[in-house]
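Letter by letter, the sequence shown follows residues 1385 to 1891 in the working numbering.
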Amino acid sequence: MSSRTALASACGVLAAALGTGAAHLVAAVVSPPASPVLAVGSQVIDATPTPIKEWAVSTFGTADKPVLIGSVTLVTLLLAALSGALHPRSRITSTGLLVLLTGLAGAAAVLRPSADNLAWLPALVAAVVGVLALEALVGRLILPEGTHGRPDQPGRRRVVALGGTGVAALALGGAGQVLVTRSRPPTLTLPTAADPLPPLAKGVDLGKAGISPFVTPNKDFYRIDTALLAPRVDPGDWSLTIDGDVPDGFTIDIDELLALPMVERDITLNCVSNEVGGPYIGTARWLGVPTRELLARAGLDTDPGDPDLQVLSTSTDGMTISTPLSALLDDRDALVAVGMNGTPLPREHGFPARLVTPGLYGFVGATKWLTRMTVTRYDAESAYWTDRDWATDGRVHTQARIDTPRALRRIPPGRTVIGGVAWAQRRGIERVEVRIDDGEWQRATLGLEADVDLWRQWFLPWDATPGRHDLTVRATDGTGEVQTREQAPPFPSGATGWHSIAVTVTD
Ligand SMILES: Nc1nc2c(c(=O)[nH]1)N[C@H]1C(S)=C(S)[C@@H](COP(=O)(O)O)O[C@H]1N2
Ligand SMILES: [Mo]
C-alpha cells in the first residue's frame, strides 16, 4: 500500500469516527438506541442464529455485548478505511460507500421494534459529518493525483488534522456517553405491601463463607437481556395495557398501578442460558401486583384451563415473551413487580415494572420494561425466543451448584466445607448429596426451606486430604425426584446434569 493510500485510509477512518461520535451525541439527546453502532449491534443480535448466539454467550459470558460493540466498530472502521482509500481514485465511490454505511445504520435504527420518531436523525448526522469531514481531510492532506514533483503536505499538518479529528470524535462520542449513562430517570416512591412479608427466617442463610448469600444484592444480581443500552423509561410516560382475548382490556399508568394492593414475594429467578454450575441465578424480595389480580380486572377470573393459551408480554424495547396463561392465573403469585429488595427496580432489571413468574426461566416469564400483556393463543402470535427455536415450556430444572471450594483452586489440607445452593422452583429441594471422588453419596446439611420457589443453601464438612479431588453434587426435589445426571446444554430448554468440580489439596 502506498503512503498516499495509507493516508487516505486514515482520513476515512477519522472522518467515520467523527461522524459516529457526532451521531452518538445527537442520539443521546433524541433516541439513545438509534446511535449507529448500537442500532447495528441490536440488529446483529436479533439476526444472529441461535447456535452462534449460544456459542458467544458460553465463550464471552456477559462480556458478549462489549465484544459485539467492538466487532461492529471494527468492521465499520475497516469499511471507512476502504472508503478513504478509494477517495483519490473515485470520489463518487468513496462517498457512496460512506452514504451506504450510514444508510444501513439508519435503516437499522428505524427498523427497531421500539424505534422513536427521530431514530433516523443520528445516522443522517453521521452521513453529513462523515462526508464533509472526509472531503475536508482529503482536501487538506492529499494533493490531487498527477501533481508530481511536489510532496504531500508535511507531517506536522497531518498530525494536527488527523489527531484533531480523532480528539473531536472522542469528545463528541464521550459527551454522548456521559449523557446516556449519567442521566437518571425520575425515580419512584414505592408503596408498602398490603400484607408485608416478615423478614426471612435466620436459618435460611447458613452464613458459611463462600456460599452465595441467600438474598442476592441488586448490584450482584445477574443481568441477561438483548438490550445494548438498558431502556431508560420515564415512569410518567409509562403505561401497562392488558388486552387480547379478554372481555375488559384496560390501560393503567404508573400511579394507578402503584395504587393497587401490593404483595411481597421472595422468588429465585434464573436464566435458561445458565450452564450447569453457572452464575445466572439470583434471589430477591419482589414487590408488585399479582398478575392474577390484573387479569381478573380484565375479566379473566378463572383459568380457562386451555394449555394453548398464552400471555404475550411486550417490553418498551420491543422484546416479546410468551408465558403460559395458567402460570399467571394460578396461586404461585406471578407478579408485575415494581420493587426489588426494597428499592424500585434498577434500570438494568426492568424499571419501572417487570414480570416475575416463579418456576419458569426468565425467557418465558420475566419480561423487563414491561408495557403490554396480551392474552392470546400460542399459534396466533409467537414470541422472540420462540422464533429462535427455544422451547415454549420453560419450567426450571432441578439443579445444585458448588460455590465453595471454587473449581480448580488449591486449598490447604484439613477441615473445610463444601457448600453451595440448590433449586427446583415450584417443587422445592428435599435433599442434597455430595460425592467426593468415587465415594458414597453423603447427605449435605440444608438451610431452612423458606418456600418452594426459593433456592436452598447446603454444606458438607470435609477433611480434605492432599491430592486432586473431584467433587460432585446432586439434588432431590420436593417430589422425591433425583436431579438427572443426563447432560443437556442450555439450548433449547435449559441445562441438566450434575455439577462437578476438581480441586487440588496441597500445603
Ligand atoms: N425486555 C426484556 N426482558 C427480558 C429479557 C430481554 O432480553 N428483554 N431477557 C429475559 C431473560 S432471558 C432473563 S433470564 C431475565 C433476566 O432478568 P435479570 O436481568 O433481571 O436477571 O429477563 C428476561 N426479561
Ligand atoms: Mo434468560
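Glycine residues also receive a C-beta, built at the ideal position from the N, C-alpha and C atoms.
Margin query: Could you check whether the region 1591-1600 touches the region 1631-1648, counting it as contact only if at least three pairs of C-beta atoms, one from each stretch, sit closer than 8 Å?
Written below: Taking 8 Å as the limit for Cβ pairs, the verdict is that the region 1631-1648 does not touch the region 1591-1600.
Item checked: Cβ-based neighbour list, Gly-1533, same chain, cut-off 7 Å, excluding 5 preceding and 5 following -> Because the pLDDT of Gly-1533 is 49, which lies under 50, any placement of that residue in the model is unreliable, and the question is left without a value.
Item checked: Helix, strand or coil at Gly-1533 according to DSSP, with G and I counted as helix -> Note that Gly-1533 scores 49 on pLDDT, short of 50, meaning its location in the model is unreliable and no value can be drawn from it.
Notebook entry, point to check: What number of angstroms, rounded off, separates the C-alpha of Ala-1406 from the C-alpha of Ala-1764?
Noted result: When rounded, the distance between both Cα atoms is 43 Å.
Notebook entry, point to check: How far does the alpha helix (DSSP H) with Gly-1723 in it reach, from first residue to last?
Noted result: Counting along the chain, Gly-1723 falls outside any alpha helix (DSSP H), though it belongs to the beta strand (DSSP E) covering 1719-1724.
Next item on the list: Determine the burial state of Trp-1439: buried for a count of at least 16 other Cβ atoms within 10 Å of its Cβ, exposed for fewer.
Entry: Exposed, since its Cβ has fewer than 16 Cβ neighbours within 10 Å.
Notebook entry, point to check: To which residues of the same chain is Asp-1717 closer than 6 Å at the C-beta, ignoring the five residues directly before and after it?
Noted result: In its chain, beyond the 5 residues on either side, Arg-1649, Pro-1674 have a beta carbon closer than 6 Å to the beta carbon of Asp-1717.
Note to self: Please report the straight-line C-alpha distance between Thr-1667 and Thr-1652, rounded to a whole angstrom.
What the structure shows: Taking the straight line from one Cα to the other gives about 4 Å.
Checklist line | Beta-carbon separation (whole angstroms), Leu-1624 vs Leu-1754, contact threshold 8 Å | finding: In this structure Leu-1624 touches Leu-1754 by the C-beta definition: roughly 7 Å separates them, less than 8 Å.
Note to self: Using 8 Å as the threshold, is the C-beta distance between Glu-1817 and Gln-1826 below it?
What the structure shows: With contacts defined by Cβ atoms closer than 8 Å, Glu-1817 and Gln-1826 form a contacting pair.
Check: Helix, strand or coil for Ile-1651 per DSSP?
Finding: Strand.
Check: CA-CA distance, Ala-1423 and Thr-1860?
Finding: Here the alpha carbon of Ala-1423 sits roughly 45 Å from the alpha carbon of Thr-1860.
Notebook entry, point to check: Closest by CA to Phe-1353, which one among Trp-1774, Asp-1715, Gly-1396?
Noted result: Residue 1353 lies beyond the residue range present for the chain, which begins at 1385 and ends at 1891; the question has no answer from this structure.
Next item on the list: Starting from the C-beta of Thr-1895, find all residues in its chain whose C-beta is less than 6 Å away, skip the five residues before and the five after it, and write them out in chain order.
Entry: The question about residue 1895 has no answer here: the residues shown for the chain are numbered 1385 through 1891.
Item checked: Pair within 8 Å by beta-carbon distance, Ile-1786 and Val-1889 -> No, Cβ-Cβ distance for Ile-1786 and Val-1889 is not below 8 Å.
Notebook entry, point to check: What is the chain-ordered set of residues for which the beta carbon lies under 7 Å from any non-hydrogen atom of ligand 2?
Noted result: Residues flagged by the Cβ proximity filter: Ile-1608, Cys-1655, Val-1656, Ser-1657, Tyr-1664, Tyr-1745, Gly-1746, Phe-1747.
Checklist line | Buried or exposed (CB count within 10 angstroms, at least 16 for buried), Lys-1752 | finding: Buried, by the Cβ-count rule.
Notebook entry, point to check: Which first and last residues belong to the alpha helix (DSSP H) in which Gly-1547 is found?
Noted result: Gly-1547 -> alpha helix (DSSP H) spans 1539-1566.
Notebook entry, point to check: To the nearest angstrom, how far is it from the Cα of Thr-1704 to the Cα of Gln-1783?
Noted result: As the crow flies, the alpha-carbon of Thr-1704 is around 27 Å from that of Gln-1783.
Notebook entry, point to check: CA-CA distance, Leu-1671 and Leu-1719?
Noted result: Leu-1671 and Leu-1719 have their C-alpha atoms roughly 8 Å apart.
Check: With respect to 7 Å, is the separation between the Cβ of Asp-1701 and the closest non-hydrogen atom of ligand 1 below this value?
Finding: Asp-1701: yes, Cβ under 7 Å from ligand 1.
Next item on the list: Could you have a look at Trp-1439 and say whether DSSP puts it in helix, strand or coil?
Entry: Looking at Trp-1439 - three-state DSSP - the assignment turns out to be helix.
Note to self: Tell me whether Gly-1734, by its Cβ, gets closer than 7 Å to a heavy atom of ligand 1.
What the structure shows: For ligand 1, at least one heavy atom lies less than 7 Å from the Cβ of Gly-1734.
Check: To the nearest angstrom, how far is it from the Cα of Gly-1539 to the Cα of Val-1513?
Finding: Taking the straight line joining both Cα atoms gives about 24 Å.
Next item on the list: Name the one or two DSSP bridge partners that Gln-1783 has.
Entry: Bridge partners of Gln-1783: Trp-1807.
Next item on the list: Write down the C-beta distance between Leu-1516 and Leu-1409 rounded to the nearest angstrom, noting that I regard them as a contact closer than 8 Å.
Entry: No, Leu-1516 and Leu-1409 are not in contact; Cβ-Cβ is about 16 Å, not under 8 Å.
Check: Just to check, is the beta-carbon of Lys-1449 closer than 7 Å to a non-hydrogen atom of ligand 3?
Finding: The model on display carries ligand 1 and ligand 2 but not ligand 3.
Check: Under 8 Å, do Arg-1919 and Thr-1770 count as touching if we go by C-beta distance?
Finding: No answer is possible for residue 1919: it lies beyond the span of the chain, which begins at 1385 and ends at 1891.
Check: Which class does Arg-1815 belong to by DSSP, given the choice of helix, strand or coil?
Finding: DSSP, read as helix, strand or coil, puts Arg-1815 in strand.
Note to self: ligand 1 and Leu-1452: does any heavy atom of the ligand fall closer than 7 Å to the residue's C-beta?
What the structure shows: No, the beta carbon of Leu-1452 sits no closer than 7 Å to any heavy atom of ligand 1.
Next item on the list: Taking only the alpha-carbon atoms, compute the straight-line gap between Phe-1444 and Leu-1590 and give it to the nearest angstrom.
Entry: CA-to-CA, the gap between Phe-1444 and Leu-1590 works out to about 32 Å.
Note to self: Shorter than 7 Å, the distance from the beta carbon of Ala-1464 to the closest heavy atom of ligand 1, or not?
What the structure shows: Every heavy atom of ligand 1 is 7 Å or more from the Cβ of Ala-1464, so no.
Item checked: Local conformation of Pro-1645 per DSSP, three classes -> Correct three-state label for Pro-1645: coil.
Next item on the list: Please indicate yes or no: does the CB of Ala-1718 lie closer than 7 Å to some heavy atom of ligand 1?
Entry: Because no heavy atom of ligand 1 lies under 7 Å away, the Cβ of Ala-1718 does not count as near it: no.
Check: So who's on the other strand from Arg-1757, going by DSSP bridges?
Finding: Checking the sequence, you will find Met at residue 1757 rather than Arg. Note: Met-1757 sits in a beta bridge opposite Ile-1626, Ser-1697.
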